[in-house]
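Chemist: Line order of the protein sequences matches chains A and B. Position one of the first sequence corresponds to residue 25 (this note's numbering), numbered consecutively onward. Position one of the second sequence corresponds to residue 3 (this note's numbering), numbered consecutively onward.
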Amino acid sequence: AQSVAQPEDQVNVAEGNPLTVKCTYSVSGNPYLFWYVQYPNRGLQFLLKYITGDNLVKGSYGFEAEFNKSQTSFHLKKPSALVSDSALYFCAVRDPDTGRRALTFGSGTRLQVQP
Amino acid sequence: EPEVTQTPSHQVTQMGQEVILRCVPISNHLYFYWYRQILGQKVEFLVSFYNNEISEKSEIFDDQFSVERPDGSNFTLKIRSTKLEDSAMYFCASKETGANEQFFGPGTRLTVL
Numbered sequence: 025a026q027s028v029a030q031p032e033d034q035v036n037v038a039e040g041n042p043l044t045v046k047c048t049y050s051v052s053g054n055p056y057l058f059w060y061v062q063y064p065n066r067g068l069q070f071l072l073k074y075i076t077g078d079n080l081v082k083g084s085y086g087f088e089a090e091f092n093k094s095q096t097s098f099h100l101k102k103p104s105a106l107v108s109d110s111a112l113y114f115c116a117v118r119d120p121d122t123g124r125r126a127l128t129f130g131s132g133t134r135l136q137v138q139p
Numbered sequence: 003e004p005e006v007t008q009t010p011s012h013q014v015t016q017m018g019q020e021v022i023l024r025c026v027p028i029s030n031h032l033y034f035y036w037y038r039q040i041l042g043q044k045v046e047f048l049v050s051f052y053n054n055e056i057s058e059k060s061e062i063f064d065d066q067f068s069v070e071r072p073d074g075s076n077f078t079l080k081i082r083s084t085k086l087e088d089s090a091m092y093f094c095a096s097k098e099t100g101a102n103e104q105f106f107g108p109g110t111r112l113t114v115l
């Protein structure tokens, strides 16, 4: 079975500081990993993905994420946070080896960037 | 930029009534999905649809649920006899052939009274 854990319900960071939103996963094979962001009253917006290749992947709005196979983690990062980054962030995983196409989501982490 | 759209944005219904949630996926996408998010909980997979048939469904997707692609653009989720616990935000998503990321609509908030 595939699963995702986001250990922090909320992350607070000051504008201009680096941010990290944590995600760990569990799959039987090699994972496909995704980050989505949800702004109030909006749907889930795709930020970035890891499928294969370089462990550091870059996505929209200056976000990046690092895949770490030994730690089964896929933490989301940004070097300098903006107030407009405040939103709910979801990590998701798919295990392609199972043939399943469904994404399994984490519980979400609320990012609050203070001015 | 093309987007997945969903209607209505908010649906209020009485317990036991049927509801149909509508989605227009991105036009060149052939894989379609429904997910739901009960307030304060995780986003959960319901069903995936490809080539006019269900390709995968979760245990949540029981006999009261059905999906249909009635024409070339719409993708619908029907809940036959709604229950209080069906109250949630329902998200439609679509995916292009050969791609891995799914694109989500803004959701329909379903409230069952």
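Cβ atoms here follow ideal geometry from the backbone N, Cα and C, with glycine treated the same way.
Would you check if the stretch 110–130 of chain A and the stretch 26–45 of chain A touch, i.e. whether three or more CB-CB distances between them fall below 8 angstroms?
Modeler: Yes: the two stretches touch, three or more of their Cβ pairs being nearer than 8 angstroms.
Chemist: Look up A:Y63 in the DSSP assignment and say whether it is helix, strand or coil.
Modeler: The answer is coil: DSSP assigns A:Y63 none of H, G, I, E or B.
Chemist: According to DSSP, which residues form a beta bridge with A:S97?
Modeler: Paired residue(s): A:T48, A:N92.
Chemist: Should B:L112 and B:A95 be called a contact, given that it needs their Cβ atoms to be closer than 9 angstroms?
Modeler: Their beta carbons are not under 9 angstroms apart, which means B:L112 does not touch B:A95 by this criterion.
Chemist: Between A:G53, A:F114, A:I75, A:E88, which lies nearest to B:Q43 when the distance is taken from Cα to Cα?
Modeler: Of A:G53, A:F114, A:I75, A:E88, the residue nearest in Cα terms is A:F114.
Chemist: Using only the alpha-carbon positions, how far apart do B:C2 and B:Y35 sit?
Modeler: Because chain B spans 3 through 115 in this model, residue 2 of chain B falls outside it and cannot be assessed.
Chemist: State the DSSP-derived secondary structure class of B:E87, mapped to helix, strand or coil.
Modeler: B:E87 falls in the helix class under three-state DSSP.
Chemist: For B:Q13, which residues in chain A fall below 9 angstroms Cβ to Cβ?
Modeler: Going along chain A, no residue has its Cβ under 9 angstroms from B:Q13, so there is no contact; the nearest lies around 15 angstroms.
Chemist: One question on the structure: do A:Y63 and A:L71 come within less than 9 angstroms of each other, judged by their Cβ atoms?
Modeler: In this structure, A:L71 does not lie closer than 9 angstroms to A:Y63 by Cβ.
Chemist: When you compare the CB of B:S50 with every CB in chain A, is at least one pair closer than 9 angstroms?
Modeler: Chain A contact via Cβ: present.
Chemist: With a Cβ-Cβ cutoff of 9 angstroms, do B:V114 and B:K85 count as a contact?
Modeler: In this structure, B:K85 lies closer than 9 angstroms to B:V114 by Cβ.
Chemist: Counting only the same chain and skipping the five closest in sequence on each side, list residues whose C-beta sits under 8 angstroms from that of A:V35.
Modeler: Counting only Cβ-Cβ distances below 8 angstroms, and skipping sequence neighbours, we find L43, T44, V45, T133, R134, L135, Q136.
Chemist: Thinking A:Y74 and A:F91 are a contact (beta carbons under 8 angstroms), I'd like their distance in whole angstroms, please.
Modeler: Indeed, because the Cβ distance is near 5 angstroms, the residues count as touching under 8 angstroms.
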